[in-house]
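Worksheet: one structure, shown below.
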């Protein structure tokens, strides 16, 4: 780690140069590149697994009919809004806090081991001085180089050094995250089940409409899985803080495979329709939670020694800031879905397909965001500003490249893949209109998500909250104006502007060299 005063910005003439810093090494598998890959790839796969499962749900339900497909689309929008408001602040704060605490714990362990080693060496010198002469000692020791010999006087000390240590760690944020996640999950389940009708009415689904009953059935049944969803996501935040994204990937894939297998069984064999899709999803979420909890027990001490140990105040303060932010983010998406639903079942069905693809592919960039957040949190805790700059630069460059690749794939593939979700001619026509927006915004989306991770890694939660709130206010006005004037197309134009503003706001701190990034101007 470099000391203060050393040039942290030798290659950073201005903030925009972060996008070009060491650009030739963008795909280089050096130490930083390997660490980003180890974290980002499993994280991206885990993040896309659930939207892919939702896409499978959408595809199965689409074969029942466009009304059911639209109804489930609205219900998923409501459920996701509630889940993100509850869990996103928790999972983001947990990742940063666990990364910091894990780094401090390891540093303390290394320091203690060094002290023990120095103490053992000192004891050995004292014992050697008090022992018989070297010549007498040597005569008593068999001359066999293959045998490791330890002076009898240092046996106890040696045993202390080689004594196996428990791999479990005391991480306050891990215990806090599990408790908060479980409580929030129960509250969300009660909240959604009791308020399903008014929530769906707000989204444009009137009580007497054809979408009303299937939407209510799906939302109430899926809400039974809320405790599992929030608990599993809080545990994923803990694993991300440990820079372990393989375990969440394994658990998520296992759960989503169960969902995909159970979907046709409950929907068509048991003739439960949209209810069957919801039941399959709930079962898969509880399976994910069980797997993650079992694996987490091997890493940390779950039961806290005291309530003070949990540091709830720290979680609440920073969590509230991110609550403001995620409310603004998800409200824009939920409002867009609500405006699409008011246009009619056909428009909502097409919007649901486009939105699910839009979010599923863009979330690949969240893998880079998670990698950037975990590495930056550790680097900022160590005041290793050179690593901060290098990490931010690398993940931003990779985000731009990923966005361009996704734009190419979706621009071509979605024209042919749309029939997987529906056979309705009118819905397919509207999906075709939405494809250019879904494809063209991928680079913007990827950059926005990666910048979120960069700011969270710097623990810049206040800026993230207030800047996003400002962006949301402008975007909400645009959604209302453009949707009323241009309908389906207007909604997608407004969402494109929304993501562009979000990316600009995310770059604001680095661009102005303020807050945690003021070292760039030193």
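In this note's numbering, the protein residues as written are 4 to 525.
Quick reminder that beta carbons are idealized off the backbone N, C-alpha and C, glycines included.
### Task
Put residue 142 into one of helix, strand or coil per three-state DSSP.
Confidence is the limiting factor: at residue 142 the pLDDT is only 44, short of 50, which leaves the residue's position unreliable and the question unanswerable from this model.
- Query: Cα-Cα, which of 338, 319, 313 is closest to residue 173?
  - Reply: 313
field: Integer-rounded CB distance, given that residue 179 should sit under 8 Å from residue 315
entry: 6 Å
Margin query: Beta-carbon within less than 6 Å of residue 169's beta-carbon, same chain only, minus the 5 sequence neighbours each way: which residues are those?
Written below: Interpretation of residue 169 is limited by its pLDDT of 49, a score under 50 that renders its predicted location unreliable; no figure is taken from the coordinates.
Residue 24 in three-state terms, based on DSSP: coil
| said: I want to know whether the segment 501 to 518 touches the segment 447 to 462 - three or more CB-CB distances under 8 Å. | reply: yes
| query | Considering only the beta carbon of each residue, do residue 72 and residue 79 sit closer than 8 Å? | reply | no
For residue 172, the residue or residues it bridges with in DSSP | 303
Practice problem: For residue 88, collect the residues of the same chain with a Cβ closer than 8 Å to its Cβ; drop the 5 residues on either side in sequence, then sort them by chain order. | Solution: 326, 329, 330, 333
For this session: Grab me the residues of residue 229's own chain with a C-beta within less than 6 Å of its C-beta, minus the 5 sequence neighbours each way, in chain order.
Result: 188, 191, 192
Is it the case that the CB of residue 274 approaches a heavy atom of the ligand MG more closely than 7 Å?
With respect to small molecules bound, the structure shown includes none, and the ligand MG cannot be examined in it.
Going by Cα to Cα distance, which pick from 518, 375, 497, 477 is closest to residue 450? 375
Taking contact to mean 3 or more Cβ pairs, one atom from each stretch, closer than 8 Å, check whether the segment 202 to 221 and the segment 17 to 25 are in contact.
no
Straight-line CA distance for residue 476 to residue 268? 44 Å
Worksheet item: Would DSSP call residue 308 helix, strand or coil?
Response: coil
*Cβ distance (whole Å) where residue 467 is taken to contact residue 403 below 8 Å*: Rounded, the Cβ-Cβ distance is 21 Å, inconsistent with contact.
Original post:
Mind checking whether residue 101 and residue 241 have CB atoms under 8 Å apart?
Top reply: yes
Where residue 441 and residue 358 are concerned, what is the direct C-alpha to C-alpha distance, given to the nearest angstrom? 8 Å
request  = Look up residue 71 in the DSSP assignment and say whether it is helix, strand or coil.
outcome  = helix
* Mind checking whether residue 263 and residue 56 have CB atoms under 8 Å apart? -> yes
Rounded straight-line distance, which links the Cα of residue 259 to that of residue 295: 14 Å
**Study point:** Same chain only: Cβ atoms within 6 Å of residue 355, ignoring 5 sequence neighbours per side
**Key:** 76
* Below 8 Å on the Cβ atoms is my guess for residue 532 versus residue 67; work out the distance and round it to an integer in Å. => No statement about residue 532 is possible, as the shown extent of the chain runs from 4 to 525 and does not include it.
I'd like the span of the alpha helix (DSSP H) that includes residue 237, first residue to last. 229 to 244
Checklist entry - Are residue 183 and residue 300 closer than 8 Å when you measure CB to CB? => result no
Could you name each continuous alpha helix (DSSP H) segment of 4 residues or more that falls completely within the segment 303 to 371, going from the start of the chain to the end?
315 to 346, 348 to 365
### Task
With a 10 Å radius around its C-beta and 16 neighbouring C-beta atoms as the bar for buried, classify residue 37 as buried or exposed.
exposed
### Message
Checking 8 Å against the spacing of the C-beta atoms, do residue 61 and residue 489 come in under that value?
### Response
no
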